[in-house]
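Protein chains: 2
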Amino acid sequence: METDFVQWLLARIPADSRLEVPPGDDAAVLRPPAMRRTVVTVDMLMDGVDFRLGPDCSPEQIGHKALGVSLSDLAAMGSRPEAAVVAVALPRSGGETIARGLHAGLATLAARHDVTLAGGDTNAWDGPLVISTTLIGSVPPGRAWRRDGGRPGDLILVTGAFGGSLLGRHLAVEPRCREALEIAHRFTVHAAIDCSDGLSLDLGRMMAASGTCGIVRLADLPIHPDAVRMAADDGRSPLDHALTDGEDFELILAMPPESARALVAAAGTPPFELPIRIIGEVEAGSGLVGIDSQGRRSPLEPRGYLHAFDS
Amino acid sequence: METDFVQWLLARIPADSRLEVPPGDDAAVLRPPAMRRTVVTVDMLMDGVDFRLGPDCSPEQIGHKALGVSLSDLAAMGSRPEAAVVAVALPRSGGETIARGLHAGLATLAARHDVTLAGGDTNAWDGPLVISTTLIGSVPPGRAWRRDGGRPGDLILVTGAFGGSLLGRHLAVEPRCREALEIAHRFTVHAAIDCSDGLSLDLGRMMAASGTCGIVRLADLPIHPDAVRMAADDGRSPLDHALTDGEDFELILAMPPESARALVAAAGTPPFELPIRIIGEVEAGSGLVGIDSQGRRSPLEPRGYLHAFDS
Numbered sequence: 049m050e051t052d053f054v055q056w057l058l059a060r061i062p063a064d065s066r067l068e069v070p071p072g073d074d075a076a077v078l079r080p081p082a083m084r085r086t087v088v089t090v091d092m093l094m095d096g097v098d099f100r101l102g103p104d105c106s107p108e109q110i111g112h113k114a115l116g117v118s119l120s121d122l123a124a125m126g127s128r129p130e131a132a133v134v135a136v137a138l139p140r141s142g143g144e145t146i147a148r149g150l151h152a153g154l155a156t157l158a159a160r161h162d163v164t165l166a167g168g169d170t171n172a173w174d175g176p177l178v179i180s181t182t183l184i185g186s187v188p189p190g191r192a193w194r195r196d197g198g199r200p201g202d203l204i205l206v207t208g209a210f211g212g213s214l215l216g217r218h219l220a221v222e223p224r225c226r227e228a229l230e231i232a233h234r235f236t237v238h239a240a241i242d243c244s245d246g247l248s249l250d251l252g253r254m255m256a257a258s259g260t261c262g263i264v265r266l267a268d269l270p271i272h273p274d275a276v277r278m279a280a281d282d283g284r285s286p287l288d289h290a291l292t293d294g295e296d297f298e299l300i301l302a303m304p305p306e307s308a309r310a311l312v313a314a315a316g317t318p319p320f321e322l323p324i325r326i327i328g329e330v331e332a333g334s335g336l337v338g339i340d341s342q343g344r345r346s347p348l349e350p351r352g353y354l355h356a357f358d359s
Numbered sequence: 049m050e051t052d053f054v055q056w057l058l059a060r061i062p063a064d065s066r067l068e069v070p071p072g073d074d075a076a077v078l079r080p081p082a083m084r085r086t087v088v089t090v091d092m093l094m095d096g097v098d099f100r101l102g103p104d105c106s107p108e109q110i111g112h113k114a115l116g117v118s119l120s121d122l123a124a125m126g127s128r129p130e131a132a133v134v135a136v137a138l139p140r141s142g143g144e145t146i147a148r149g150l151h152a153g154l155a156t157l158a159a160r161h162d163v164t165l166a167g168g169d170t171n172a173w174d175g176p177l178v179i180s181t182t183l184i185g186s187v188p189p190g191r192a193w194r195r196d197g198g199r200p201g202d203l204i205l206v207t208g209a210f211g212g213s214l215l216g217r218h219l220a221v222e223p224r225c226r227e228a229l230e231i232a233h234r235f236t237v238h239a240a241i242d243c244s245d246g247l248s249l250d251l252g253r254m255m256a257a258s259g260t261c262g263i264v265r266l267a268d269l270p271i272h273p274d275a276v277r278m279a280a281d282d283g284r285s286p287l288d289h290a291l292t293d294g295e296d297f298e299l300i301l302a303m304p305p306e307s308a309r310a311l312v313a314a315a316g317t318p319p320f321e322l323p324i325r326i327i328g329e330v331e332a333g334s335g336l337v338g339i340d341s342q343g344r345r346s347p348l349e350p351r352g353y354l355h356a357f358d359s
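As given, the protein sequences belong to chains U and B, one line each in that order. Positions in the first sequence are counted from 1; adding 48 to them yields my numbering. Positions in the second sequence are counted from 1; adding 48 to them yields my numbering.
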């Protein structure tokens with residue numbers, strides 16, 4: 049990686065006990081915490097796909113989102129964030145202003161989650177803005193949450209509420225890192241995933257990885273007020289928005305019933321100030337099944353955002 | 049990160065003792081080697097800037113280059129590569145074919161350097177191909193090579209030869225990982241950098257970081273035959289190509305004289321089969337000075353590839 053073009057950025061990186069070598073070399077040298085695994089996630093966001101740089105979406109917001117989606121991935125692994133490196137392709141025109149804004153957004157969220165911005169790669173081109181964030185975290189051996197650990201009999205829980213994220217939450221990502229670490233510390237979690245592409249799609253992925261069937265009590269789904277607002281405009285139901293919109297960046301958990309009920313009982317008090325609800329249970333089988341308020345079962349198709357491309 | 053679109057890729061990832069969790073979760077969980085620092089580098093390559101996808105440049109070659117430039121960064125840190133995560137923005141049209149080619153190029157080079165492909169993020173859009181590679185390595189505490197360690201009295205050495213990389217070597221990157229580890233094991237290195245943007249530019253960066261002046265004996269520069277070929281076409285001198293073309297991905301080292309001479313004596317025999325030459329020395333001061341064959345000194349301007357953008 050090359051950092052000579054971001055001296056202004058490097059000058060803003062404080063001395064950090066995680067870094068053995070000052071920022072600006074060919075690579076960052078991190079002191080990993082002892083006796084822990086290294087957890088790594090990478091996400092790439094592109095202008096026109098994940099955001100639209102312009103009057104309604106500032107570089108600061110994009111920097112926040114870029115780190116936020118990666119933090120959400122680490123939360124879904126029950127892991128502690130440590131350090132990030134960021135690569136950008138900046139539009140030649142206005143690139144420096146964009147870079148400063150990106151850094152401001154990244155640095156503010158990094159500080160809130162005690163993440164070291166360890167380095168990056170800054171490029172310019174005639175194309176749209178692209179930002180790729182690699183986040184490195186840590187977790188004790190054998191303690192990473194996985195998406196393939198769901199078991200029949202588990203209850204399915206979610207943090208927060210779903211749907212309508214395009215009204216603003218898709219940018220103002222609030223990754224559930226602290227909540228995840230606290231849950232990992234106090235409760236038993238069999239499987240976890242974060243909701244990036246759609247509640248039904250991401251829950252479907254967890255069930256597919258676990259080799260199980262997800263039963264969803266539709267009346268129990270926490271529907272975000274934004275889903276109701278969007279539904280009023282577009283004629284789709286708030287429930288449909290909640291199940292398919294994605295970019296909620298909430299946690300979806302499969303937990304043994306006793307732990308699940310204890311967590312729900314603790315929700316609403318620090319550090320679980322956000323709502324946590326049981327929305328269904330795990331059964332043997334495959335796919336998703338919705339149960340309506342009359343108790344009728346019907347197949348629930350996993351839907352959400354897919355990156356379509358052809359061969 | 050999201051990997052549901054690369055199941056074909058994940059299926060090709062063998063069981064790996066570095067991975068605690070199978071590929072395909074929200075993040076990769078790595079078993080870091082004990083008692084070593086974690087070294088991280090990220091590089092982003094864009095179509096039209098770092099390569100031109102087309103008849104003369106296949107997805108396989110781009111995958112090779114993407115990992116190769118990051119491996120070269122780790123070599124410049126005297127560090128051992130361990131694992132990589134890769135994020136791509138694929139053109140919607142032909143995206144799957146491109147993804148398969150990228151993976152083939154990545155996997156072949158990864159296998160040669162014992163690098164685990166641990167995960168990634170696959171996206172599609174209507175823009176040009178973008179690939180971002182994050183490479184994670186390791187090094188014993190306090191042993192990472194840095195670019196700021198050059199001292200007056202050190203000799204300046206380079207591996208290989210320089211100039212004219214656009215004739216093919218800019219794609220067929222041969223990162224000097226094995227050589228770097230062997231040098232780190234057997235010799236004393238005060239400072240190191242890899243030549244990505246231009247020999248004079250990268251040496252200038254090392255001297256600036258070290259707070260020293262680099263004296264370059266121009267007649268001693270190893271000039272690549274490709275530089276001579278390009279010079280015959282464009283009227284610039286082979287020396288100018290060697291000093292400024294970049295993408296040679298050779299090592300530039302500052303070493304105490306005794307170690308430098310011992311390394312040069314060992315060059316040409318395994319594992320140092322590539323040429324290693326002394327091209328100058330480090331003095332107190334700043335900037336670069338060229339010495340011609342008559343012993344005349346003149347300032348040498350650091351030149352090479354810069355990512356230009358405006359505010």
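The beta carbon of each residue, even a glycine, is placed where N, CA and C say it ideally should be.
Could you pull out every residue in the same chain whose Cβ sits closer than 7 Å to the Cβ of residue i, ignoring the five residues on either side in sequence?
i	result
U:V276	P286
U:A192	R85, V87, M125, G126, S127
U:D196	A239, A257, S258
B:H161	L119, P129, C225
B:L203	M303, P305, A308, I326, E329
Ignore the nearest five residues each way along the sequence and tell me which others in residue i's own chain have a CB closer than 8 Å to its CB.
i	result
U:P347	G335, L336, V337, G338
U:P188	M83, R84, R85
U:E68	V77, L78, R79
I need the boundaries of the alpha helix (DSSP H) containing residue i, first residue and last residue.
i	result
U:C225	225 to 234
B:A132	From DSSP, B:A132 is part of no alpha helix (DSSP H) but of the beta strand (DSSP E) over 128 to 139.
U:V264	Where U:V264 is concerned, there is no enclosing alpha helix (DSSP H), although the beta strand (DSSP E) it sits in stretches over 260 to 265.
B:G143	143 to 160
B:S118	107 to 124
B:M278	273 to 282
B:A290	286 to 292
In chain order, what residues of the same chain have a beta carbon less than 6 Å from the beta carbon of residue i, not counting five sequence neighbours either side?
i	result
U:D296	F210, S213, C243
U:E298	V206, T207, G208, C243
B:F235	S307, L311
B:G185	V87, L122, S127, R128, P129, E130
B:F53	Confidence at B:F53 is low in this model, with a pLDDT of 49, below 50, so the placement of that residue is unreliable and no value is reported for it.
B:D268	I327
U:D95	L101, P176, L177
B:D64	T164
U:C105	F99
U:L354	none
U:G201	none
Can you tell me whether residue i is buried or exposed, with buried defined as 16 or more other CB within 10 angstroms of its CB?
i	result
U:Q109	buried
B:P321	Reading the sequence as shown, one finds Glu at residue 321 of chain B and not Pro. Label assigned to B:E321: exposed.
B:G111	buried
B:D98	buried
B:A232	buried
U:H103	According to the sequence displayed, residue 103 of chain U carries Pro and not His. Exposed is the call here.
U:R345	exposed
B:S341	exposed
U:T156	exposed
U:A424	The requested residue 424 of chain U is not part of the displayed model; chain U covers only 49 to 359.
U:G316	exposed
B:D282	exposed
B:G216	exposed
B:L291	buried
U:A220	exposed
First and last residue of the beta strand (DSSP E) that includes residue i?
i	result
U:V312	Element bounds for U:V312: not the beta strand (DSSP E) but the alpha helix (DSSP H), 305 to 314.
U:G389	In the structure as shown, chain U starts at 49 and stops at 359, and residue 389 of chain U therefore has no counterpart that could be examined.
U:P347	345 to 347
B:T164	164 to 173
B:D242	239 to 242
U:R325	324 to 332
B:G338	336 to 339
Taking 7 Å as the line, does the beta carbon of residue i fall inside it for any heavy atom of the ligand MN?
i	result
U:S213	Among the components modelled here there is no ligand, and therefore nothing to report on the ligand MN.
- prompt: Are at least three pairs of beta-carbons, each pair with one atom in the stretch 166 to 175 of chain U and one in the stretch 133 to 148 of chain U, less than 8 Å apart?
  reply: yes
- prompt: Per the contact definition of three or more C-beta pairs closer than 8 Å, is the stretch 181 to 195 of chain B in contact with the stretch 67 to 85 of chain U?
  reply: yes
message: Contact between the stretch 220 to 229 of chain B and the stretch 112 to 119 of chain B is defined here as three or more beta-carbon pairs at a separation below 8 Å; is this criterion met?
response: yes
- request: List in chain order: all unbroken beta strand (DSSP E) runs of 3+ residues lying wholly within the stretch 75 to 100 of chain B.
  value: 76 to 78, 85 to 94
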